[in-house]
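The structure appears right after this line, and notes come after that.
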Amino acid sequence: MPRSRRYLLRDATRALTPTGGFLKGFGFTLNPYVGCAFGEHGGCPYCYVRMLPVARAENGPWGSWVIAKRNLPTLLARELAELEATGRLDAATIFMSSATDPYQGIERRLGLTRAALEAFVTAPPRRILVQTRSPIVERDIDLIHALGDRAIVSLTIETDDDSVRRMLTPTSPSVARRILTARRLRAAGIFTQIAIAPMLPNRAERFADLLDSIADRVIVDTYFDGDGANGRRSRALEIGALYERSGFEGWFRPGAENDLMRALHARLGVGRVLFSREGFNAI
Ligand code: SF4
2 MPRSRRYLLR
12 DATRALTPTG
22 GFLKGFGFTL
32 NPYVGCAFGE
42 HGGCPYCYVR
52 MLPVARAENG
62 PWGSWVIAKR
72 NLPTLLAREL
82 AELEATGRLD
92 AATIFMSSAT
102 DPYQGIERRL
112 GLTRAALEAF
122 VTAPPRRILV
132 QTRSPIVERD
142 IDLIHALGDR
152 AIVSLTIETD
162 DDSVRRMLTP
172 TSPSVARRIL
182 TARRLRAAGI
192 FTQIAIAPML
202 PNRAERFADL
212 LDSIADRVIV
222 DTYFDGDGAN
232 GRRSRALEIG
242 ALYERSGFEG
252 WFRPGAENDL
262 MRALHARLGV
272 GRVLFSREGF
282 NAI
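Counting from 2, one number per residue, gives the positions in the sequence shown under my numbering.
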């Protein structure tokens with residue numbers, strides 16, 4: 002954790018944000034934090050959130066600051082009560098989180114994501130999808146399990162090859178550690194989705210074999226289908242140049258996912274493998 006990162010506590014005005022665009026299959030997004038510690042230098046070089054207005058909430062590069070929404074538990078309890086009072090809670094679908102990782106390191110100390118899950122256990126919506134790359138999610142298996150089939154955990158694993166991960170996203174949790182998290186989630190009876198998002202260079206057959214044993218469902222996403230701008234944001238982030246420097250020529254192109262899709266379909270069956278926007282919006 003760099004010494005220069007700033008953590009700030011602020012009040013938010015809302016907990017649940019109505020969705021649109023890429024995630025419009027969900028009713029709401031919930032981001033306990035603004036900013037993301039995984040976005041620090043060497044974190045997620047492909048993170049297009051750093052190009053969105055939310056990345057200008059504070060001065061300094063994406064990843065160098067994180068704002069915690071300290072009043073989130075109060076806001077969320079109130080908003081869930083409003084949904085319940087108006088007969089909309091049973092249909093509410095919530096994606097947590099779309100512009101941050103709800104289980105970045107500061108969550109161990111602040112517990113805002115855990116508080117949100119506690120609120121959901123008290124007033125359960127139709128669906129809560131937890132999107133993370135962090136093994137810290139294991140801490141909350143008790144609450145996620147209590148939500149039963151209303152909860153999905155979507156765990157990002159972009160490649161089966163840890164040497165690729167070390168080269169492209171060196172400060173993110175190792176592939177082996179994330180696989181262990183997936184196994185623990187599944188062992189607890191939690192619906193576990195693996196989000197290959199964005200797909201990094203991989204060994205297709207080996208990756209498919211691995212995923213068959215740890216995933217209820219797999220979503221494959223690419224730089225060109227998943228950045229919300231047909232690849233424009235990924236190009237602006239100079240991912241192609243990064244790949245060339247890293248020896249991954251040929252992987253940054255539309256269709257690079259075809260071998261993996263074929264292997265996944267053969268190993269897991271078509272029904273357990275979804276693609277990009279359709280996959281992330283599978284309620
Ligand atoms: S974890 Fe997600 S939000 Fe955070 S830096 Fe990486 S891609 Fe961006």
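Each residue gets a CB set at the ideal place from its N, CA and C atoms; glycine is no exception.
Remember, it's a predicted structure, so these values are computed and weren't measured experimentally.
Assigned exposure category for residue i - 16 Cβ within 10 Å defines buried
i	result
residue 86	exposed
residue 40	buried
residue 102	buried
residue 227	buried
residue 271	exposed
residue 239	exposed
residue 198	buried
residue 126	buried
residue 280	buried
residue 250	exposed
residue 5	exposed
residue 83	exposed
residue 268	buried
residue 123	exposed
residue 110	exposed
residue 202	buried
residue 160	buried
residue 188	exposed
residue 91	exposed
residue 114	buried
residue 2	The pLDDT assigned to residue 2 is 47, lower than 50, so where the model puts this residue is not dependable; a value taken from the coordinates is nonetheless given after this. It is exposed - the Cβ of residue 2 has fewer than 16 other Cβ atoms within 10 Å.
residue 182	buried
residue 264	buried
residue 53	exposed
residue 143	exposed
residue 186	buried
residue 232	buried
residue 57	exposed
residue 234	buried
Opposing strand residues paired with residue i [DSSP bridges]
i	result
residue 97	131
residue 34	69
residue 27	Looking at the DSSP assignment, residue 27 forms no beta bridge with any residue, so it has no partner.
residue 17	31
residue 49	Beta-bridge pairing links residue 49 to no other residue.
residue 275	220
residue 8	67
Assumed close pair residue i, residue j - CB separation to whole angstroms, cut-off 8 Å
i	j	result
residue 116	residue 29	Not quite, the Cβ-Cβ distance comes to about 17 Å (not below 8 Å), so this is no contact.
residue 32	residue 100	5 Å
residue 157	residue 196	5 Å
residue 34	residue 55	That pair is no contact at about 11 Å.
residue 163	residue 154	At roughly 21 Å, the Cβ-Cβ gap does not stay under 8 Å, so residue 163 and residue 154 are not in contact.
residue 174	residue 207	So it is not a contact: roughly 19 Å between Cβ atoms.
residue 45	residue 170	6 Å
residue 215	residue 194	In fact, because the Cβ distance is near 10 Å, the residues do not count as touching under 8 Å.
residue 17	residue 80	5 Å
residue 147	residue 129	So it is not a contact: roughly 11 Å between Cβ atoms.
residue 12	residue 71	6 Å
residue 168	residue 132	Rounded, the Cβ-Cβ distance is 24 Å, inconsistent with contact.
residue 273	residue 218	5 Å
residue 229	residue 22	6 Å
Neighbour flag for residue i against chain C, beta carbons, 8 Å
i	result
residue 39	No chain C is part of this structure, which consists of one protein chain only.
Entirely enclosed alpha helix (DSSP H) segments - the region 143-222, minimum 4 residues
163-169, 176-188 and 205-215
Could I get the ranges of all uninterrupted alpha helix (DSSP H) runs contained in the region 223-284, with 4 residues as the minimum, in chain order?
Taken in chain order, the whole alpha helix (DSSP H) runs of length 4 or more contained in the region 223-284 are 233-237, 240-247, 259-269 and 277-281.
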